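Asks: This is the structure I have questions about; it appears just below.
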Amino acid sequence: MHSTDVVKKILHQNNFNNFEIKIKGRISKCAYNKEKTIIYICPEDNNDSANSLIVAAHEASHALNYREGVTNPSLLKFLEKAHKTIFIATLLIIPTLFFLELFNILQFPKTFIWSLIYLNGFLQSFFKSTTLVMRQKLKNVPL
7 MHSTDVVKKI LHQNNFNNFE IKIKGRISKC AYNKEKTIIY ICPEDNNDSA NSLIVAAHEA
67 SHALNYREGV TNPSLLKFLE KAHKTIFIAT LLIIPTLFFL ELFNILQFPK TFIWSLIYLN
127 GFLQSFFKST TLVMRQKLKN VPL
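Counted from 1, the sequence shown has number 101 at position 95 by this note's numbering; the numbering is strictly sequential.
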């Protein structure tokens, strides 16, 4: 059995017939669309090795999860990017504010700086937990 056969078998068994398999790219992925879903299998995963078959089954499961509304791929990507952005901003902004305050370049009320730190902690927790909940929902979906 080949990786493309695994995708076809899983999707056909679940009455998912409007899809196309393309062999291209550097990573295997699923591009879900209600009209036509495309499963991309990278050339390295286009064979009959155990790893390639698992990757193919994984990508087919994404298509099924998206169709069933278990997850919203756009929302998940947004949450992951927002979490990373807030983390990077924290690494840059908070130390900069402390530096500016330390050398009296800019004066901020201490409550302002602490409010930023608490707000950052809240946003980090919110985006991280929301992303984890969405990922957990994906893990609990039977095929």
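For glycine and all other residues, C-beta sits at the position ideal for the given N, C-alpha and C. Only a predicted model underlies this, so the values are computations on that prediction, with no experimental measurement involved.
Which runs of the beta strand (DSSP E) spanning at least 3 residues fall entirely within the stretch 21-45, listed in chain order?
Replies: If we require 3 residues or more, the beta strand (DSSP E) runs fully inside the stretch 21-45 come out as 25-29, 35-37.
Asks: On the three-state DSSP scale, how would you describe I60?
Replies: Residue state, collapsed to three classes: helix.
Asks: Could you give the DSSP three-state label for I123: helix, strand or coil?
Replies: Helix.
Asks: L17: which of I29, Y38, G31, K83 sits nearest, CA to CA?
Replies: If we check each option's Cα against that of L17, Y38 comes out closest.
Asks: What is the residue span of the alpha helix (DSSP H) that D11 lies within?
Replies: Where D11 is concerned, the enclosing alpha helix (DSSP H) stretches over 9-19.
Asks: Is T10 near the ligand FAD, in the sense that its beta carbon is under 7 Å from a heavy atom of that ligand?
Replies: With respect to the ligand FAD, the structure shown offers nothing to examine, as it has no ligands at all.
Asks: DSSP on I111, reduced to helix/strand/coil?
Replies: I111: coil per DSSP, three-state reduction.
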